[in-house]
Amino acid sequence: MNPAELHSITEEQKRRYFVQPYMLPSFQRSLDGDLEYSQYVKGSPFRFWFNNQPTGFTDHWHTAMEIIFTLENTYTIEAHQQKYVMEPGDIAIIPSGTVHSISSPEKGCRFVFMFEPNLFSQLPGFNYVLSLIPQPVLINYDTNPQLYRAETALLWELVEHYW
């Protein structure tokens, strides 16, 4: 299985995903020191971006849990003095409150999913599961094919519903 081919998108999809639904403005970064504030869909604790900017993000943190799903090219995340190299098709989960940076290639694209943890905090066992993820997790086909298939299917479903 080649995840890069499985998760490639067309130019038409790129144009469609670049436009934010619900009349949200395009991505705008708002920082107070290294704390990043996110704009969410009105009345909800989440926001998704299709990101094809060739810009990295310096050390920052946020209250949201972040999931990055690479589609084209290689991205590098640094957190807790550790590097996570993401190849096309890889998924990274960055826990809320984690100081991290992201290096971007000159050309590439990825989805960024931001969720406030309180969205799930009422679910039984969620806070326990969250405590088991103290640092970023990299998921790809080679490390866990079954989990990878389930996660990518869920992420694509979220993309389709969001856009």
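Just add 72 to wherever you are in the sequence shown, counting from 1, and you've got the numbering used here.
Ideal Cβ positions, reconstructed from N, Cα and C, are used throughout, including at glycine.
Where Val201 is concerned, the enclosing alpha helix (DSSP H) starts and stops at 198-203. Considering only Met158, Glu144, Leu143, the residue with the shortest C-alpha distance to Glu150 is Met158. Cβ-Cβ separation between Phe198 and Phe192: approximately 5 Å, consistent with a contact (criterion under 8 Å).
Counting along the chain, the unbroken alpha helix (DSSP H) around Glu229 starts and ends at 217-234.
The straight-line gap separating the alpha-carbon atoms of Gly161 and Gln194 is approximately 30 Å.
Boundaries of the alpha helix (DSSP H) around Lys86: 83-90. Annotation: the continuous beta strand (DSSP E) that includes Thr142 extends over 137-144. For Thr148, the enclosing beta strand (DSSP E) begins and ends at 147-151. In chain order, Leu143, Gly161 place their CB closer than 6 Å to the CB of His79, counting only its own chain and leaving out the 5 sequence neighbours on each side.
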